[in-house]
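Data block below; observations after.
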Amino acid sequence: MNSVQPSVDYGSLVNSQRAFFNSNATKSLAFRVEQLQKFESAIRANEPLLYEAIYKDFGKSEFDTYSNELALVYHDIHRALKHIRSWSSVKPVSTNFINFPASSYVIPEPLGVSLIIGAWNYPYLLSLAPMVPAIAAGNTVILKPSELPANTSAAMAKVIADAFDSNYIATVEGGVEETTALLREKFDKIFFTGSVPVGKIIYKAAAEQLTPVTLELGGKSPAFITEDSNLKMTVKRLVWAKFLNAGQTCIAPDYALVHKSIEQRFLTMVVEEIKRARFSIENGNYVQIINLKNYDRLQQLISDSKIHYQGEGIRDQRIFPPTLLSEVGFDDPIMKEEIFGPILPVIAYDQLDDVVQKVKTLPKPLSCYIFTKNARKRKKVLHELSFGGGAVNEAVMHITNDQLPFGGVGHSGIGNYHGEDGFKAFSHFKGVLDKPTWFETNLKYFPQSPLKLSLIKRVFSW
Ligand code: NAD
1 MNSVQPSVDY GSLVNSQRAF FNSNATKSLA FRVEQLQKFE SAIRANEPLL
51 YEAIYKDFGK SEFDTYSNEL ALVYHDIHRA LKHIRSWSSV KPVSTNFINF
101 PASSYVIPEP LGVSLIIGAW NYPYLLSLAP MVPAIAAGNT VILKPSELPA
151 NTSAAMAKVI ADAFDSNYIA TVEGGVEETT ALLREKFDKI FFTGSVPVGK
201 IIYKAAAEQL TPVTLELGGK SPAFITEDSN LKMTVKRLVW AKFLNAGQTC
251 IAPDYALVHK SIEQRFLTMV VEEIKRARFS IENGNYVQII NLKNYDRLQQ
301 LISDSKIHYQ GEGIRDQRIF PPTLLSEVGF DDPIMKEEIF GPILPVIAYD
351 QLDDVVQKVK TLPKPLSCYI FTKNARKRKK VLHELSFGGG AVNEAVMHIT
401 NDQLPFGGVG HSGIGNYHGE DGFKAFSHFK GVLDKPTWFE TNLKYFPQSP
451 LKLSLIKRVF SW
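Here it is in structure tokens:
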């Protein structure tokens with residue numbers, strides 16, 4: 001079976017998925033468990049194809065593809081299989097006095113036909129990971145991967161088409177035109193990962209149909225480095241997180257805010273660590289920039305006078321060199337947009353409070369990191385700033401803990417996923433009051449009386 005081609009009428013695809021959903025076939029625990037297992041087997045059996053495709057698209061190694069994409073998808077599947085029974089169970093809750101005698105409970109139900117739109121930077125993770133909770137909750141799925149890494153998009157379409165019927169899970173490959181056509185259809189859930197401007201387009205289209213959305217967007221994630229941080233470990237972890245995937249990571253530390261007293265030591269140590277890491281395609285720890293348009297965009301963000309260190313780049317091969325900028329200010333062009341590339345601007349600060357106040361004036365970031373040994377400073381950043389999620393003395397790794405909700409806030413997104421949060425994102429929770437018929441207080445019925453009113457007042461005040 002082939003993936004659904006752009007010329008196909010998406011209306012009939014959506015209708016066939018809705019008919020399948022309405023048959024209740026996707027809802028039983030046994031079915032959902034079987035499909036999650038089938039999903040994992042299909043990905044595992046096709047790992048060589050997936051590695052080859054992503055290497056062709058942007059030179060990503062098997063090590064990095066497994067460790068920061070497929071491993072997380074498998075982890076999500078295993079956690080879902082472990083907890084699916086409890087996540088799906090009907091949960092009893094207490095009943096308030098006015099309804100006595102009765103029982104109350106919450107019934108989780110799948111939303112229905114879901115549309116998952118992926119981004120290109122972690123093409124497998126961002127397309128396949130949201131499918132796990134969609135399947136676990138009992139939805140059907142239309143996946144629209146990013147068209148930019150064309151080989152990974154085709155590989156996922158093949159894996160999915162070989163494993164599933166399109167009336168249950170289908171892939172639509174394509175870009176703006178295909179996504180725009182899809183968005184004209186009525187979905188029960190849209191899960192989007194991508195940029196803020198496209199996120200707004202998706203949100204508007206969803207509003208037309210009152211479709212619930214999860215928007216996993218981006219932004220500029222700060223890393224605070226205080227004067228009392230463990231600088232050796234800070235630099236090691238920060239450099240890894242920044243240059244992973246050549247900086248094309250939504251939760252990468254976008255820029256570093258470094259206390260003035262340690263600025264020079266920090267810069268020296270970052271350069272040493274970049275050299276030690278020997279980032280390259282050959283070493284398997286670096287990737288190409290996705291296309292020349294982005295390569296040139298990155299180039300334009302840099303003003304030569306701010307370059308503290310830059311490795312060797314090759315434009316033809318889209319290898320952008322690891323770049324460290326110093327003496328940067330909030331008004332520099334590099335601070336005006338999400339970098340999404342291997343450039344680390346360093347802003348030196350005097351007072352933590354001043355930079356915290358400054359970050360408050362910027363759009364709420366997807367992530368925030370603080371490297372410090374000082375509990376007061378850690379508390380200040382974690383509690384005063386609003387951000388999607390983050391880490392202390394670490395960066396990026398919070399995404400690997402499925403017990404933590406993953407998502408943005410404000411400009412960096414709406415909603416969370418991974419673990420149970422993902423299951424919730426693809427579910428509706430029906431609250432039900434279940435009453436027997438052998439007793440009735442008659443308080444709410446005609447005729448009204450002062451006594452009834454005073455009883456109602458007392459009962460509701462409990
Ligand atoms: P993008 O917004 O350009 O594209 C995302 C998806 O939207 C793609 O599938 C694309 O085909 C589709 N699309 C593009 N233009 C469209 C339009 N006009 N109408 C309808 N659909 C359209 O994003 P990208 O370049 O693939 O990804 C980079 C962005 O995604 C960055 O901002 C990054 O921070 C963010 N991101 C966020 C997360 C997260 O988990 N929050 C993860 C990865 C990337």
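Under this note's numbering, the first residue of the sequence shown is numbered 1, with each subsequent residue one higher. Yeah, the Cβ is synthetic: ideal placement off N, Cα and C, and Gly gets one too. Remember, predicted model here, so these are calculated numbers, not experimental data.
Query, Result
"Same chain only: Cβ atoms within 6 Å of V459, ignoring 5 sequence neighbours per side", "F97 and I98"
"Beta-carbon proximity of K144 to T179, cut-off 7 Å", "yes"
"3 or more residues per run - each beta strand (DSSP E) lying fully within the stretch 146 to 218", "169 to 171, 189 to 193 and 213 to 216"
"Spatially closest choice to I290 from Y105, T249 and L325, by CA coordinates", "T249"
"CB of V172 within 7 Å of CB of V14, strictly", "no"
"Distance cut-off 6 Å: V355 Cβ against heavy atoms of ligand 1", "no"
"Contacting residues, own chain, Cβ-Cβ under 7 Å from Y417 (five flanking each side not counted)", "P130, P133, T214, F406, G407 and A425"
"Same chain, Cβ closer than 6 Å to D463, neighbours up to 5 away in sequence not counted", "Residue numbering for the chain in the displayed model covers 1 to 462; residue 463 lies beyond these limits and cannot be assessed."
"Span separating the alpha-carbon of N294 from that of W240", "21 Å"
"Proximity test, G194 beta-carbon vs ligand 1 heavy atom, cut-off 6 Å", "yes"
"Whole-number beta carbon distance between F58 and Q288, since they are thought to touch under 8 Å", "4 Å"
"Neighbourhood of Q300 by C-beta, 6 Å cutoff - its chain only, sequence neighbours within 5 removed", "none"
"At least 3 beta-carbon pairs within less than 8 Å: the stretch 49 to 63 vs the stretch 75 to 85", "no"
"Whether A102 touches K430 by CB criterion (7 Å)", "no"
"Three or more C-beta pairs below 8 Å linking the stretch 359 to 366 and the stretch 226 to 234", "no"
"Sheet register partners of L433 (DSSP bridge)", "S104"
"Proximal residues to K236 (C-beta, below 8 Å), its chain only, five neighbours per side dropped", "E273"
"Close beta carbons around I343, own chain, < 6 Å, minus the five adjacent residues each side", "T323"
"E147 CB to nearest heavy atom of ligand 1 below 6 Å", "yes"
"F406, DSSP secondary structure in three states", "strand"
"Supposed close pair K306, S326 - CB separation, criterion 8 Å", "7 Å"
"Distance CB(K260)-CB(D402) smaller than 7 Å", "no"
"Euclidean distance between Cα positions of L217 and G194", "5 Å"
"Nonlocal neighbours in the same chain, by C-beta distance under 7 Å from E185, ignoring five residues either side", "Y10, G11 and V14"
"Reference F192; option with closest CA among L115, N393, N374 and I399", "L115"
"Where the beta strand (DSSP E) containing H308 begins and where it ends", "I307 to Q310"
"Pairwise C-alpha distance: S449 and C368", "58 Å"
"Nearest-angstrom Cβ-Cβ length linking A256 and L244, presumed shorter than 8 Å", "Not a contact, Cβ separation roughly 15 Å."
"Distance CB(N167)-CB(F20) smaller than 7 Å", "yes"
"Buried versus exposed, by CB contacts within 10 Å (16 or more), Y445", "exposed"
"Assumed close pair N151, T26 - CB separation to whole angstroms, cut-off 8 Å", "Their Cβ separation, rounded to whole angstroms, is 30 Å, which puts N151 and T26 out of contact at 8 Å."
"Helix, strand or coil at G390 according to DSSP, with G and I counted as helix", "strand"
"With 16 other Cβ atoms within 10 Å as the buried cut-off, status of W120", "buried"
"Beta carbon of V93 nearer than 7 Å to that of S104", "yes"
"Neighbourhood of L50 by C-beta distance below 6 Å, restricted to the same chain and skipping five residues each side", "A155"
"From L126, I319 and V346, residue whose alpha carbon lies closest to that of L72", "L126"
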